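For reference, the structure discussed in these notes is given below.
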Amino acid sequence: MRLTHHSLIFVALLTVGIQQSVFAFDHDEDPSNEIELSSEEAAILRELEREGGFGKVRDIPLLDIYGFADVLVGGFIGMNDHVASQNNFGERITNVMLGNLNMYLDANLTHGFRFLGEIRFHTAPTATSEGPNFDGTADHFVHSTSWDAVDGNTPFSFGYIEIERAYLEYVYANWLKVKIGILLTPYGVWNVDHGSPVIIPTRRPFVVASELIPERQTGLEVSGLLSAGTLRIGYHAYTSNGRGSVSTALDLDDNLAVGGRLYIDTTALGRLRVGGSFYSGTTAEERVNVVPESLQTGSPELSSYFSIRNHELAFGADLVWKIAGFHLQAELLSRQVVYDNDARAPTLGGSTPDYHAWGAYGLLAYELPFWHLRPFFLAEHNDFGRADFGGLSGMTIFFIGLNIRVLPVVVFKAQYLHVKLSSNTGSSSVTDPQNGFEMQCSWAF
Amino acid sequence: MPKQPTVQVLICGLLAPIGCLFDANDRCSAGEIFDDVDLKCVCEEGLGANIRTDIIVLDGVPDNPRPRDGCRICRFNETLDETNDTCVCHPDSVVYPVTGQCLPSYGTQCSDDTQCDQLISPTGNFVFGRCLTVSTSSITSMSFCSSNCQTNADCPAEIGFMCVSELEACVPGDEG
């Protein structure tokens, strides 16, 4: 059978793409690594070479496709109406929801170049809550229903996709790597390595999820790793568009953000890693409006201004220590925000003050010597530094649960959580403690 | 003086060599004070927020309330709505659509000139007489009692009217 160029490429990509790289979500690669091909793959590629036009086998980018997903069951128990209006869980303890469906596209482009893309498929906007609105009302959940015209107009729910990251990396050596594109910000423990099978509880601590340091940025990053015996020192330095609703594509105020991370990793006493990170940048939101005076002239003119603009400085410190089955992990994050005086974010009956938010968590887990059972306890505290989330000023959460790795790539989790909310107004309707129970199944593929 | 929580002080202390942006004693803009109960900036007593009244074409955060730009003394025909920290039109006034100014409403909305013939300004030295329709293309329009003018001197300054040369009519001015 004589294969055409296109069909051979398709077969080659499919065949090679089946190689699984479970948990190798952001692995460090030696640029000298060769891609190992099966005999079948090599035969296909030799055929491609004979067909001409492709040069050497190694000139063809090879694509790995892998990913992770999780399903969550649970919700809050006895939640009051005020808090229920702040999220889409309500009191529905039997919620079943697809949490993540993330797909990685990983291509070794040869000669030190690599592409990594990660795409998350959301069920959102379905079931996202539109409220509460500024007038205190809350709309019903969003429906995202369309109809399949080629299948009898049957209804289906459509969802969004999110680019978690997409970058080109050039690896000169282990001590010098350069990435450009949409990057997960290198800080802490679970921001870059964020696959749900890796996270010990059902979700990352709120301290991390609340993005005191932006989760991702669009820009350029330089990183590297130096080794000396059992000690490794790593660094990251980056510049980007910074934070903002359109920062994946635009830097509205032409003011690049900068940041970095430094960490030390040693195997001298178990596995210990200590790191520190910082981020500095501006956030701007822009409005375009008609110049009122121009309306009277009959030729309306447009102008723009920053409706919100602030400067921020954020820091993080993190520690992971794994020894004799114990897993100790902690992070402290802080974010200072100072607004331009004429561009403060409006709030209900006021405007957002400059604030200094911070949060911290500590996690202790222990892996039992049988069945890969790992009971864990996590405590976290968040101080928002201003009124947030419908009037809250802070939140403390305790998790206690069990993590079971039934297979290297399949993890079951169950946890009970107790949430203490705080508000300066002292309103008990806002600060009644909340309790929840969640189970999750997560897997890599 | 607001007290800065201990953790923030510690963090800033540790980071002093790098810099600390946040100043617990200066959290709001000029004319605003920090409300440490509701944790937000509100206008000083007697002032109302200067809400931007421009006509938004594009907005990155369309669900947000209109941006504020500091605080100001409420203008003529405005009263302070302390709940929302803003100056709002007096119940006897209506909103002028282009600038957002509050138009005195002593019979001001009209459909023809005859409805304005008997209307005089509060000091009695100015007679309205023209029903002016202000159209803002397809967005909105309104009609109110005004008068022809060439300069500001032709308008009742005591109620904040000024002359708009393009319209050759008196309208509520910025200074109110």
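Line by line, the protein sequences give chains U and R.
Residues 269 to 713 in my numbering are what the first sequence lists, from first letter to last.
Residues 10 to 185 in my numbering are what the second sequence lists, from first letter to last.
Backbone N, C-alpha and C define an ideal beta-carbon position, used for all residues, glycine too.
For clarity, every value in this text was computed on a predicted model and none was experimentally measured.
- In terms of CA proximity to Q17(R), A628(U) leads the group V466(U), A628(U), P643(U).
- In the same chain as N523(U), and ignoring 5 residues on each side of it, the C-beta atoms closer than 6 Å to its own belong to T550, in chain order.
- If you draw a 10 Å sphere on the C-beta of H379(U), you find fewer than 16 other C-beta atoms in it, and that means exposed.
- Bridge pairing for R500(U): S495(U), D533(U) [DSSP].
- For V97(R), the enclosing beta strand (DSSP E) starts and ends at 95 to 98.
- Contacts between W443(U) and chain R, judged by CB atoms closer than 9 Å, are missing: the closest CB pair is about 25 Å apart.
- Using beta-carbon distances, H579(U) counts as an interface residue toward chain R, with a partner under 8 Å.
- The alpha carbon of L451(U) has as its nearest neighbour, out of A417(U), G367(U), S508(U), the alpha carbon of S508(U).
- Annotation for C52(R): the continuous beta strand (DSSP E) segment containing it runs 49 to 52.
- Against chain R, the beta carbon of P643(U) has no neighbour under 8 Å; the closest one sits roughly 29 Å away.
- The Cβ-Cβ distance between F474(U) and Q702(U) does not fall below 8 Å.
- For the C-beta of D522(U), not a single chain R residue is nearer than 8 Å; the gap to the nearest is close to 16 Å.
- A distance below 6 Å between beta-carbons, with the five flanking residues on each side excluded, links E432(U) to the following residues of its chain, in chain order: E386, R388.
- In terms of Cβ geometry, C50(R) and R612(U) form a close pair [threshold 8 Å].
- Interface annotation, V606(U): in contact with chain R, CB-CB separation under 8 Å.
- Chain order gives the chain R residues near S661(U) as L48, where near means a beta carbon separation below 8 Å.
- Taking the beta carbon of A655(U) as reference, the chain R residues within 8 Å of it are D47, L48, K49, listed in sequence order.
- Comparing alpha carbon positions, the residue from H624(U), G502(U), Y372(U), L570(U) closest to H462(U) is Y372(U).
- Membership of T550(U) in the beta strand (DSSP E) is indicated by the continuous run 539 to 558.
- At a Cβ-Cβ threshold of 8 Å, T693(U) and G662(U) do not count as neighbours.
- In this structure the segment 603 to 617 of chain U does not touch the segment 632 to 648 of chain U; the number of beta carbon pairs closer than 8 Å is below three.
- In the DSSP annotation of this structure, the continuous segment of the alpha helix (DSSP H) that includes L19(R) starts and ends at 15 to 23.
- A check of alpha carbon separations from H411(U) across P393(U), D519(U), N421(U) identifies P393(U) as the nearest.
- The C-beta of Y334(U) has 16 or more other C-beta atoms within 10 Å across all chains shown, which makes the residue buried.
- Within the segment 474 to 504 of chain U, no residue has a Cβ lying closer than 9 Å to any Cβ of chain R.
- Using a CB distance cut-off of 8 Å, P621(U) counts as an interface residue toward chain R.
- Annotation: I82(R) has no Cβ neighbours in chain U at a cutoff of 8 Å; minimum Cβ distance is about 18 Å.
- Nearest in C-alpha terms to I42(R), of all of G79(R), C164(R), I20(R), R61(R), is G79(R).
- N161(R) sits in a helix when the DSSP states are folded into three classes.
- In chain order, A552, E554 place their CB closer than 6 Å to the CB of L520(U), counting only its own chain and leaving out the 5 sequence neighbours on each side.
- The C-alpha of G55(R) is placed about 32 Å away from the C-alpha of D651(U).
- Residue range 570 to 591 is occupied by the beta strand (DSSP E) that includes A582(U).
- Residue nearest to L23(R) within the set F638(U), L685(U), A585(U), S690(U) is A585(U) (criterion: CA-CA distance).
- By the neighbour-count definition (other C-beta atoms within 10 Å, threshold 16), F644(U) is a buried residue.
- Membership of F43(R) in any alpha helix (DSSP H) is not indicated; the residue belongs instead to the beta strand (DSSP E) covering 41 to 44.
- Annotation: the continuous beta strand (DSSP E) that includes F594(U) extends over 594 to 607.
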